[in-house]
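Anchor point for the sequence shown: position 207 equals 269 in the numbering used here, and the numbering is continuous, going up by one each time. Everything on this sheet refers to the single structure shown next.
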Amino acid sequence: MRYRLPAMCILWVTFLASGQQSQPEPDAGKVIGNTFESAFFKFHYSFPQSWSAVSDDLRMSDNRKHHERAVEEHRARQAASPTATDIPAQPIWEFDLLTATPGPLAPGANPGLPRIYVLARERFGPLREAGDHAKLFRMASEEIHKSKHVVISGQTFVRSDFRFAASRFRVETFESLFETAHGKYLVEFDFLARSEKEMKELAKTMESLRYE
């Protein structure tokens, strides 16, 4: 004998299922012109005119390939050290949301300077709060300005500016990092440049950031 669910229960289950299916992936989004629109984090950000960005299909595919490699490496570490306590239960997800540079971007090529990264990663261990990544940077760089909280389009960020010696990036590099928390993720807007002036000019593009 089969039991029938009441009609309202069926409608409710169907509604929940459809809601789950429509939830975008964290790296879902698209570049239109010089603006990246994040479907998951609900923001619009415009990088400099005439710059090039990694195609959305390629970056999303690379995100998943990177995670697959991380899973394999994680399993290998667990197999090699089954009693270790410093290995997390599972590898975290990291998502490249945007990579942009002034010149054309060839598949697999390492972008030069200047460049812009926007990424999201699951919050874990030493990287749980906005500003935590900047704390790690301080170990290998000169801090140009102390970290400070800034509010952009209603979202609070921690901004930190650094100078890295040539021994770190082969050439002297200046970096402005904006970090913010979105639920279970940390989102970073990362600006790398060849001079402090160029870094500050790139950081001004944060004024274009708008949350829905």
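Glycine residues also receive a C-beta, built at the ideal position from the N, C-alpha and C atoms. On a predicted model such as this, the values are computed, not experimentally measured, just so you know.
| query | result |
| --- | --- |
| Give the single residue among Q85, V213, P144, F103 whose Cα lies nearest to the Cα of F157. | F103 |
| In or out: P153 buried (at least 16 other Cβ within 10 Å) or exposed? | buried |
| F98 bridges to which residues according to DSSP? | V93, Y107 |
| Whole angstroms is fine: what's the gap from S112's alpha carbon to T163's? | 9 Å |
| Does DSSP put A255 in a helix, a strand or coil? | strand |
| With a threshold of 7 Å on Cβ separation, who are the neighbours of P173 within its own chain once the five nearest residues in sequence on each side are excluded? | T161, T163, L167 |
| By Cβ distance, which residues of its chain are closer than 7 Å to I206, with the 5 residues on each side in sequence left out? | D223, F224, R225, E258 |
| Can you give the Cα-Cα distance for P188 and A265, rounded to whole angstroms? | 25 Å |
| Look at the alpha carbon of G91 and the alpha carbon of S117, and state the distance between them as a whole number of angstroms. | 11 Å |
| Give a yes or no on whether the C-beta atoms belonging to W155 and R200 are separated by under 9 Å. | no |
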